Structures are given as structure tokens and as C-alpha cells.
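Heads up: the structure comes next, in C-alpha cells.
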Amino acid sequence: MQATSDKRWFKRLGRSFSQVPLLGWLLGALVAVALEQIGGLSLAWAVGLPKIPVLFGFLMALKKPLLVPSALLYVVLIYVLPIGVIARVSASPLNRLAGKLFSSSLVISVVIHLGLLYATLHVWAGISDYRLLVLKLALIAILLTLSLNVVNGYMGEFSCSHPGFMALGAYGASICTVVLFVDDKLFGSALLPAAIGPFFFPLALILGGLLAAVGALAVAIPSFRTRGDYLAIISLAFMFIVKSMIENLEIVGGPRGLSSQPDWANLPTVFLWTVAGIWIINNFVRSTIGKALNAVRDNEMAADAMTVNTRRTKFIAFCFAAFWAGIAGGLFAHVLRYVNPSTFGIQKLAEVLAMVYFGGLNSVYGSIVGALGISLLGEALRPLEIFKWIIIPLLLILVMIYRPTGLIAFREFDVVKLLQSKQHSEKGV
Amino acid sequence: MPLLQIQKMTHYFGGLRAVYDYNLAMETGQVCGLIGPNGAGKTTIFNLITGIYRATEGKIFLEGSELNGLAPHEIAARGLGRTFQNLLLWRHMTVLEHVKMARYSKISYGLFGAFFGTAQRHREEAAIEAKALGLLGMMGIKHCADQVVVNLPYGVQRRVEMARALAMDPKILFLDEPTAGMNPEELAQMMEIIRQVRDELGLAIFLIEHRMKVVMELCEHIQTLVFGEVIAEGTPNEIQNNPKVIEAYLGKEAVE
Ligand SMILES: Nc1ncnc2c1ncn2[C@@H]1O[C@H](COP(=O)(O)OP(=O)(O)OP(=O)(O)O)[C@@H](O)[C@H]1O
Ligand SMILES: [Mg+2]
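Order-wise, the sequence lines are chains A and B. Note that our numbering gives residue 118 to position 117 of the first sequence, counting from 1, and the numbers run on in steps of one. Note that our numbering gives residue 37 to position 36 of the second sequence, counting from 1, and the numbers run on in steps of one.
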């Protein structure tokens with residue numbers, strides 16, 4: 002009963018809310034998470050929940066199915082209702098504001114939107130450490146998924162080496178920070194004062210990214226020498242080689258892993274790196290130089306005949322993707338403050354491939370949706386233990402059957418369209 | 002010095018002699034035609050000139066500099082634009098993106114511009130877009146600019162290929178059967194476009210054709226290829242009256 006009326010309500014919502022600007026949704030979300038911060042716990046008790054549901058009630062509902070109605074009620078009262086009401090009420094003034102912001106300066110408009118988004122995430126994650134961790138890992142997953150999409154989606158090759166690049170980035174950045182700033186039994190005492198550390202952190206990440214990009218050359222040189230499908234095999238081999246190399250490298254801890262990374266990957270840092278990654282990758286794939294990846298994928302001979310240096314294009318795209326996978330790896334290591342080589346194996350590969358193909362090829366939106374979807378689903382289904390590994394693949398198979406290129410494939414991520422006032426356009430958010 | 006000069010070009014596919022002792026000298030503004038029955042080696046000659054295959058023997062010069070051994074994209078960037086007999090388009094890209102792509106080698110904003118969206122990049126992309134739209138206007142398909150190319154009718158797809166080849170500012174345009182599979186109306190439009198390209202852009206055109214009417218009307222100089230060898234060349238009149246051609250080519254056409 003409740004579910005069907007809920008659905009109808011959502012449908013009506015979708016229709017009448019198509020004119021709400023992004024600004025309205027963000028404001029609504031911010032108010033919702035602020036409400037949760039203030040009165041979430043009381044409300045949770047009032048509807049009969051032991052505590053604030055951390056992931057929209059999923060975990061609770063799966064552990065104690067009897068609590069499903071309460072969890073649903075909580076989600077509606079805390080998230081759906083406030084967001085809906087505020088988005089609706091503020092639509093027309095915010096449309097005017099969005100239009101004005103947009104026409105005065107795109108940069109300011111972007112900064113305000115990002116500020117609202119960050120504030121929302123910050124408050125939401127402030128409820129529990131678990132939420133904070135899930136959020137950081139999901140943001141890193143976006144970076145990783147998008148970078149793999151550059152190769153597997155935009156360029157249409159099949160690469161399996163992303164966990165390897167991630168490992169190179171993770172170890173590269175970790176070694177930098179641990180050697181220089183931490184008193185550690187593996188590498189001895191710190192060489193530099195910890196105070197300058199946070200400023201050095203971006204450099205360490207970039208160094209890790211560059212290390213991954215150099216590793217990418219080792220895959221690219223033999224794979225792209227001739228036409229043909231060598232990349233899948235060579236990149237898979239590369240992933241295993243990196244993993245066993247680290248396992249046998251006692252100086253970085255071998256199979257026991259590397260720990261005591263400094264705690265510098267806080268939410269703003271991870272958020273900013275993810276935003277920067279999305280921005281740069283999106284810039285790239287929308288330029289004519291980046292569109293050359295699509296030309297190479299769709300017909301290499303035609304690309305050659307139209308002056309595209311196809312070999313160079315492939316090298317650049319592959320190393321570029323590896324660089325961002327390396328950045329993601331560096332962030333990952335500093336979020337968990339511990340890495341070991343077995344993290345970067347076949348399971349990680351399956352996870353990131355699932356994110357890319359679930360979300361959609363050749364699409365920034367797709368990568369965001371895929372990464373968030375699979376990471377949140379993975380967390381939400383955790384109580385099901387082993388069944389999680391049945392449900393997620395099943396879901397993936399369903400997506401592959403009904404949308405072979407993924408949920409939101411081949412869609413351009415156009416910031417201008419996203420930030421515009423929605424008064425005159427038909428499109429929803 | 003001729004614009005394009007080919008000397009004694011021979012090519013073998015394994016044991017098959019596809020092209021034998023082929024020579025050509027072409028000047029700017031000239032329209033040359035290459036005719037011959039199916040499998041004569043016409044497309045192979047295009048592929049040899051544009052670097053897709055490496056000629057077994059022979060030399061190719063563009064404005065006196067040798068093209069042998071260059072990669073296809075380098076040869077293209079020197080000024081050899083082409084279309085393909087069996088339409089090689091990029092199925093997920095829009096018409097406008099097709100035409101813009103052909104400016105690839107002339108882009109100067111570099112990777113930095115691509116990554117960070119610099120002002121120079123926006124200027125250059127805007128200029129490329131204006132040029133591409135101009136060419137689409139010339140082909141009469143500007144209204145399709147934002148459509149994905151697979152959804153378009155065949156005649157339009159041919160014109161997209163042509164606009165794309167022209168966007169690289171070629172010195173010579175190679176057209177491999179530009180009217181293949183077209184109905185009479187589309188055929189007339191395509192011939193008009195080819196004439197317009199020749200008159201307005203002042204480049205050389207090298208044309209492979211099966212329909213005698215098209216070659217005879219458009220070309221100043223015609224070569225007839227049979228089993229990889231040029232058996233006759235000259236003006237349309239000379240070709241039309243050459244008994245070897247009538248036997249090898251027109252005779253076959255009459256039978257069809
Ligand atoms: N890549 C290749 N490998 C081997 N043989 C080839 C190859 N390309 C073409 N050939 C052969 O070379 C000969 C010439 O082919 P080509 O495509 O140049 O003919 P064409 O004159 O363009 O014919 P059509 O009018 O049918 O297009 C044919 O016998 C063909 O089978
Ligand atoms: Mg042919």
C-alpha cells in the first residue's frame with residue numbers, strides 16, 4: 002500500500018519538479034542533512050529506530066526486516082519531504098538566482114554549487130565515522146571508475162590493469178609521506194617536520210600518479226605496437242606482476258602491507274581531488290583532442306586518414322587514465338592509512354569494471370552513478386554477507402541485458418547545461 | 002614540378018599482383034578519374050598513396066617531397082584528404098564532431114589546453130567549429146550537425162565524409178566511388194557538389210568511379226585500370242573512343 006502510493010508520489014514529483022534548478026536540489030539536500038543533524042536522533046527514536054540509520058535505512062532493514070516501515074518513514078521525513086518541499090518552494094527565486102549567477106560568472110556559479118554540495122556531504126558524513134569512510138571511498142571510486150572509463154569506454158579498449166596502477170599510486174604516495182613525515186619502523190624517523198606535510202601531500206599524490214603513468218607505458222608499449230587485442234591480456238598480466246612485485250618487496254612491508262600513513266586524506270581533500278579529476282577528465286574527453294579517442298574506437302583507419310595520430314592518442318589516453326588511477330590509489334591508502342598488496346587484485350578489478358559497465362560507457366554521469374551505486378550497494382548489502390556477491394552480479398547481468406552499454410552511456414557532461422536556470426527548459430535534473 | 006607524382010608503383014598482396022607499374026602526374030586544380038572493372042586495383046592505388054599499404058616498389062612525391070614510408074596520419078596531414086568506398090564513419094559521433102576531428106593535426110592548444118580548458122582552447126575550438134559548420138553548409142547538411150551519423154540517410158553520410166575530408170584543407174581530395182549506391186537525384190546533387198568543391202576550393206581531385214557519365218562529365222584526365230595495369234589514359238574523348246577501353250570496360254558495362 003505504502004510502497005505504491007509512494008511510487009505514485011515520486012512520479013508526480015518527477016513531473017512537477019522538472020523546473021527546479023540544481024541550486025534548489027542542493028539547497029534542499031543541505032537543509033535535509035542539517036535537520037538530520039539537529040533532530041535525527043529524536044526522530045529515529047520517535048519512529049522506533051534504535052539510532053539514526055547510517056545508509057538510508059538499508060543496513061537496518063536487512064538486519065531487522067521488521068524495522069522496514071520505520072526506516073522508510075524516517076527516510077521520507079528526513080530526506081524526501083524537506084528536499085521536495087524546499088526544491089518546490091524555492092524553484093522560481095532560485096531559478097532567477099541561478100540565471101543571474103550563470104550570466105555574471107560561470108566560475109562563481111560553479112564554486113557556489115560545489116560549496117553547497119560539499120556542505121551537504123560534510124554535514125551528512127558528520128553523523129558517523131562509518132558514513133565518512135563510505136563517502137570518502139565512494140568519491141575515490143568515482144575517480145577510479147572515470148579513469149577506467151577513459152580507456153574502456155571512450156577509447157573502446159579493454160584494460161584490466163587499473164588495480165595495478167592504483168597500487169603503484171598507493172605505494173608511491175605512501176612511501177613519500179611515510180619516509181618524509183612519519184617515525185616508522187620500516188623507514189626510520191621522519192625527515193621533515195610534520196607541519197609542512199599537508200602542503201606536501203598533493204605532491205606525493207601526483208608523484209604516485211606519475212609512477213602509475215610510467216607503469217602504464219610498460220603496458221602501452223607492447224600493447225599498442227600493432228593493431229589487435231593484446232591489451233586485455235598484457236594489462237591483466239601487469240596487474241598480477243605489480244601485485245606479486247610488491248608482495249616480494251620486503252622494504253615496503255611485503256605481503257604484510259604498509260601502514261601508519263599520516264591522516265591527511267580528510268573529506269575536503271578527497272572531495273577536491275575528485276572534483277579536480279572529474280573536471281580535467283571531462284575537459285579532456287570533450288576537446289577535439291579527446292574526441293580522437295572516440296574516433297580511434299569507432300574506426301581507426303578513418304581516424305588515421307583524418308590526420309589523427311592514433312598511436313599517440315592511445316598512449317596519452319592510457320597514461321592519463323593510469324595517472325588518475327594512481328591518484329585514486331594514493332588517496333585510498335591515506336584514507337585507510339594502511340595498504341597491502343592483496344587489496345589490488347582480481348576482486349578490485351571486478352569491482353571497478355562493474356562500476357564502469359553498470360554506470361555506462363563513454364559518460365561522466367555514468368561513471369559517477371556507477372561508482373556511487375556499486376559502492377553504496379556494496380555497503381548496504383553487507384549484512385547479507387555472501388549473498389551480496391550474488392545480488393550485485395545479478396544486477397549487473399540485468400543491466401547488461403537491458404542496457405548493454407550501461408545505465409547512462411554516451412551522455413555528455415555539460416556543466417553549462419547543468420547550472421542553467423531551468424525555467425525555460427524541459428529537462429529535469 | 003607536379004603536385005602529385007607517382008613513379009613505377011607496383012604492389013603485391015602475397016602472390017597477387019594488385020598494381021603494376023603505375024605512374025601519375027597531377028596538377029593543382031585538375032580533376033583526374035580512375036576507372037576500371039571490379040577488382041582492378043583502384044582502391045588499392047588509393048590505399049597505397051594514402052599510406053594504408055606500403056608499395057612493394059615505386060615512389061610517391063607530393064610537391065617534390067617523398068611520401069613513401071610515412072604513417073597514414075602524416076601523409077594525411079601533408080594534404081591528402083580522402084573518402085572511402087564503403088563509408089568509414091564514427092558511429093557514436095555527431096556530424097559536427099566528424100568534421101571537427103579532421104582538424105586534429107592543426108590543433109595547437111595541446112594537451113595542457115585539453116586538460117585545463119584554457120582560453121586558447123576555447124578560441125581554437127570555436128574557430129574549428131565555425132569552419133566545420135561552413136563546410137556542412139556547403140554540403141547542404143548543416144541542419145544535421147548535431148545528429149549521430151548512423152541515423153542519417155546514405156546520401157547525407159557520403160556528404161559527411163566529404164565535408165570531413167575537406168576540413169583538413171587537403172591539397173588533393175581522393176574520392177572513392179562518391180556516387181556508389183545513389184539514386185539519380187542524389188547523384189545529380191553529388192556531381193554538383195564535386196564541381197563546387199573544384200571551383201571554390203581550387204584543389205586537385207582524384208576520383209574513382211564506375212558510372213561513365215560521372216567520369217566523362219567531371220574529369221579532364223582519365224586512366225583505365227585493368228588487372229592492376231593502366232591500359233589507356235587521356236581525355237574523356239580519347240578514352241571513350243579507345244578500343245581497348247571499350248573492350249575491357251565499356252563492353253562489360255554494356256553487358257550489365
Ligand atoms: N588487403 C588485401 N589483401 C589481399 N588482397 C587484397 C587486399 N585488398 C585488395 N585485394 C585484392 O586486390 C585486388 C584489387 O582490389 P581493389 O579493392 O583495389 O579493387 P577495386 O578496383 O577497388 O574494385 P571495386 O571496383 O570492386 O572497388 C582484388 O583482387 C582484391 O581481392
Ligand atoms: Mg574499390
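The C-beta atom is built at its ideal place from N, Cα and C for all residues, glycine as well. Computed from a predicted model, the values in this text were never measured in an experiment.
Cβ-Cβ separation, residue j to residue i (assumed contact under 8 Å), whole Å
i: A181 (chain B); j: H211 (chain B); result: 7 Å
i: G361 (chain A); j: T406 (chain A); result: 6 Å
i: I375 (chain A); j: F388 (chain A); result: Incorrect: roughly 16 Å between the Cβ atoms, too far for contact.
i: A41 (chain B); j: T11 (chain B); result: Not quite, the Cβ-Cβ distance comes to about 15 Å (not below 8 Å), so this is no contact.
i: L102 (chain A); j: L31 (chain A); result: That pair is no contact at about 17 Å.
i: I393 (chain A); j: G379 (chain A); result: 7 Å
i: A92 (chain A); j: A213 (chain A); result: Not quite, the Cβ-Cβ distance comes to about 44 Å (not below 8 Å), so this is no contact.
i: L268 (chain A); j: L133 (chain A); result: 7 Å
Beta carbon proximity, residue i to chain B, threshold 8 Å
i: N284 (chain A); result: yes
i: F319 (chain A); result: no
i: N150 (chain A); result: no
i: N153 (chain A); result: no
i: S106 (chain A); result: no
i: S422 (chain A); result: no
i: K428 (chain A); result: In this prediction, K428 (chain A) scores a pLDDT of 41, lower than 50, which makes its location untrustworthy; the coordinate-derived value is nonetheless stated afterwards. No, because no Cβ of chain B sits closer than 8 Å to the Cβ of K428 (chain A).
Proximity to residue i [Cα-Cα], best of the options
i: I76 (chain B); options: A:A306, A:L31, A:L67; result: A:A306
i: E221 (chain B); options: B:T44, B:M169, B:A205; result: B:A205
i: R122 (chain B); options: A:W280, A:A205, A:S288; result: A:S288
i: L167 (chain B); options: B:V151, B:K43, B:G82; result: B:G82
i: A164 (chain B); options: B:T119, B:E178, B:A146; result: B:A146
i: G41 (chain A); options: A:K65, A:A62, A:Y80; result: A:Y80
i: C320 (chain A); options: A:G165, A:D230, A:L187, A:A238; result: A:G165
i: L237 (chain A); options: A:G49, A:I392, A:L134, A:L350; result: A:L350
i: N152 (chain B); options: B:L226, B:W91, B:G16, B:A133; result: B:W91
i: G25 (chain A); options: A:V86, A:L63, A:A45, A:P51; result: A:V86
i: V124 (chain A); options: A:L218, A:L211, A:P194, A:L28; result: A:L28
i: T29 (chain B); options: B:P171, B:K214, B:E186; result: B:P171
Cβ-Cβ distance between residue i and residue j below 8 Å
i: T178 (chain A); j: G198 (chain A); result: yes
i: V309 (chain A); j: Y105 (chain B); result: yes
i: K423 (chain A); j: P22 (chain A); result: yes
i: M240 (chain A); j: S148 (chain A); result: no
i: V243 (chain A); j: L169 (chain A); result: yes
i: I223 (chain B); j: P244 (chain B); result: no
i: Q260 (chain B); j: T44 (chain B); result: What the structure shows of chain B is the stretch from 2 to 257, and residue 260 (chain B) is not part of that stretch, so it cannot be assessed.
i: K292 (chain A); j: A221 (chain A); result: no
i: R79 (chain B); j: G229 (chain B); result: no
i: V271 (chain A); j: Y172 (chain A); result: no
i: F345 (chain A); j: L232 (chain A); result: no
Proximal chain A residues relative to residue i, where beta-carbon distance stays under 9 Å
i: M94 (chain B); result: K292, N295, A296, D299
i: D12 (chain B); result: Rather than Asp, the amino acid found at residue 12 (chain B) in this sequence is His. In chain order: nothing, as chain A lies at least about 17 Å away.
i: L35 (chain B); result: The contacting residues do not exist; L35 (chain B) stays about 18 Å from chain A at best.
i: E64 (chain B); result: By Cβ distance, chain A contributes nothing, its closest Cβ being about 17 Å from E64 (chain B), past 9 Å.
Below-8 Å beta-carbon distance, residue i vs any chain A residue
i: L4 (chain B); result: no
i: H144 (chain B); result: no
i: E234 (chain B); result: no
i: L112 (chain B); result: yes
i: E178 (chain B); result: no
i: I206 (chain B); result: no
i: E201 (chain B); result: no
i: E67 (chain B); result: no
i: I108 (chain B); result: yes
i: I61 (chain B); result: no
i: L153 (chain B); result: no
8 Å Cβ cut-off: residues of chain B touching residue i
i: F411 (chain A); result: H93
i: A303 (chain A); result: F85, L89, L90, W91
i: T311 (chain A); result: H74
i: N363 (chain A); result: H93
Amino acids of chain A, ordered along the chain, whose beta-carbon sits closer than 8 Å to that of residue i
i: F117 (chain B); result: I281, N284
i: E248 (chain B); result: Per Cβ cutoff of 8 Å: no residues; E248 (chain B) is ~35 Å from chain A at best.
i: E126 (chain B); result: S288, T289
i: T51 (chain B); result: A306
i: I129 (chain B); result: T289
Chain-ordered chain B contacts of residue i [CB-CB under 7 Å]
i: M307 (chain A); result: A77, M102, A103, Y105, R165, M169
Chain-ordered neighbours of residue i on chain A, where CB pairs are closer than 7 Å
i: R122 (chain B); result: S288
i: T57 (chain B); result: Those do not exist, as T57 (chain B) stays about 20 Å from chain A at its closest Cβ, beyond 7 Å.
i: E98 (chain B); result: K292
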